[in-house]
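Please read the structure below before turning to the comments.
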Amino acid sequence: MINGLERTTTLNNGTKMPWVGVGTFKIPDGPEVEKTVSSALDIGYRHIDTATYYGNERGVGKVINDSMLERDDVFITTKLWTTDMGFDKAFKAFDQSLDLLDMDYVDLYLVHWPKKGLIKDTWSALERIYETGRARAIGVSNFQIHHLEELLEGADIVPAVNQIEYHPYLNQRDVREFCEEHKIQVVGWSPLIRGKIVNNPSISAISKKYGKTPAQIALRWALQHDVVVIPKTVHEERLRENANVFDFVLADEDMEIIDALDGGTRIGPHPDHVDF
Ligand SMILES: NC(=O)c1ccc[n+]([C@@H]2O[C@H](COP(=O)([O-])OP(=O)(O)OC[C@H]3O[C@@H](n4cnc5c(N)ncnc54)[C@H](OP(=O)(O)O)[C@@H]3O)[C@@H](O)[C@H]2O)c1
């Protein structure tokens, strides 16, 4: 097991979540996702990020259920897709996710995107699901501050997590500060800018200085900002590379160089324009 993969952050309800997980977006269900998750577990990853939208919950669940690990040893996140938002639809979608995963509970259930007019009812459904114990924690994804404010108005439960696009070109300091104030753990998606991290000259220079790869520098930078990371790769050597981020520390001056790369550049949709 690679050192550090066992390290966890404690969410606002006491649930423990590993700092480094594996993303599975765009990995097809069946042999491909099964091979990736299986390699990840062998390497020591204990945190897998999936979603209804990714269509691979069945494969993710199969590998975990067939492994020698106890269910409690692995942290599984899945997400409610936009077309399933609303009070009644959310319960149905959640049941379907559990069926596909073939599990009694997930560790974290997220509202995938903030769709206008559906935030409060959907959150009420997640609160009920949480009360049944079938989701150990509930949270949101792609929520801007105003979406969080809307949700928190009248909510019984503060989201445990906000999973947002987060990388050196989009560091969302305002959202992170709001989340920190409300004890909402930030999880960063596309932490490697979908692989484009290798093209940035400042990151390359820092990577030479530390004898680390550009991916490792970006992940370490996120961790030092208290952001959980879920890089995706289907390659075993990259799974190892992306996990080897606990044996060095970026100096303040290098953190500042990376902070300064923020240009507000998104690779995904803007959360205020969810028309899908
Ligand atoms: N909540 C949301 O709305 C949302 C949106 C997007 C993503 N996510 C989650 O976040 C996860 C990560 O985001 P992402 O998949 O969009 O992007 P990412 O993790 O930033 O990048 C993945 C890409 O980088 C490549 N890569 C992986 N490790 C590398 C390394 N060490 N060096 C160079 N290239 C490397 C991968 O290629 P190979 O696979 O070929 O190695 C893949 O093309 C997703 O898989 C998903 O679970 C959530």
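If you use the numbering used here, the sequence shown corresponds to residues 260 to 535, in order. Backbone N, C-alpha and C define an ideal beta-carbon position, used for all residues, glycine too.
If you measure between the beta carbons of residue i and residue j, is that distance less than 8 Å?
i      : j      : result
Asp415 : Glu440 : no
Pro450 : Tyr425 : yes
Ile443 : Ala419 : yes
Leu377 : Val319 : no
Arg395 : Tyr364 : yes
Gly522 : Val486 : no
Val399 : Leu410 : yes
Glu495 : Ser298 : yes
Pro530 : Pro373 : yes
Lys338 : Tyr312 : yes
Thr341 : Leu369 : no
Glu291 : Val322 : no
Thr309 : Thr295 : no
Phe402 : Asp380 : no
Could you give the first and the last residue of the continuous alpha helix (DSSP H) run that contains residue i?
i      : result
His406 : Ile404 to Leu411
Leu360 : Phe346 to Leu360
Gly320 : Glu316 to Asp325
Asn501 : Glu495 to Ala502
Leu478 : Pro473 to Gln483
Leu385 : Ile378 to Glu390
So residue i and residue j are supposed to be a Cβ contact under 8 Å. How far apart are they, rounded?
i      : j      : result
Val504 : Arg479 : 5 Å
Arg305 : Leu264 : 6 Å
Ile526 : Ile423 : Not a contact, Cβ separation roughly 12 Å.
Asp358 : Ala349 : Not quite, the Cβ-Cβ distance comes to about 15 Å (not below 8 Å), so this is no contact.
Ser461 : Leu520 : 6 Å
Cutting at 7 Å between CB atoms, please list the residues of its own chain near residue i, excluding the five before and the five after it.
i      : result
Arg499 : Ile261 and Ile302
Thr268 : Met276, Trp278, Gln444 and Val487
Sorted by chain position, which residues of the same chain lie with C-beta nearer than 8 Å to residue i's C-beta, five sequence neighbours on each side aside?
i      : result
Val508 : Arg479 and Gln483
Asp433 : Ile404
Just curious, the beta strand (DSSP E) that residue i is in, first and last residue?
i      : result
Ser400 : Ile397 to Ser400
Asp308 : His306 to Asp308
Val370 : Leu367 to Val370
Leu300 : Taken as a continuous stretch (DSSP letters only), Leu300 belongs to no beta strand (DSSP E), being part of the alpha helix (DSSP H) at Pro290 to Ile302.
Thr269 : Thr267 to Thr269
Lys338 : Phe334 to Leu339
Residue i: buried (16+ other C-beta within 10 angstroms of its C-beta) or exposed?
i      : result
Pro490 : buried
His280 : Reading off the sequence shown, one finds Gly at residue 280, where the question assumed His. That one is buried.
Gly273 : exposed
Phe535 : exposed
Thr492 : buried
Asn458 : exposed
Gln475 : buried
Leu328 : exposed
For chain C, find out if any of its Cβ atoms is closer than 8 Å to the Cβ of residue i; answer yes or no.
i      : result
Phe334 : As a matter of chain content, chain C is missing from the structure shown, which is built from one protein chain.
Going along the chain, which residues of its own chain have a beta-carbon closer than 6 Å to the beta-carbon of residue i, five neighbours each way excluded?
i      : result
Asp288 : Gly314, Asn315, Arg317 and Gly318
Ile397 : Tyr368, Leu385 and Tyr389
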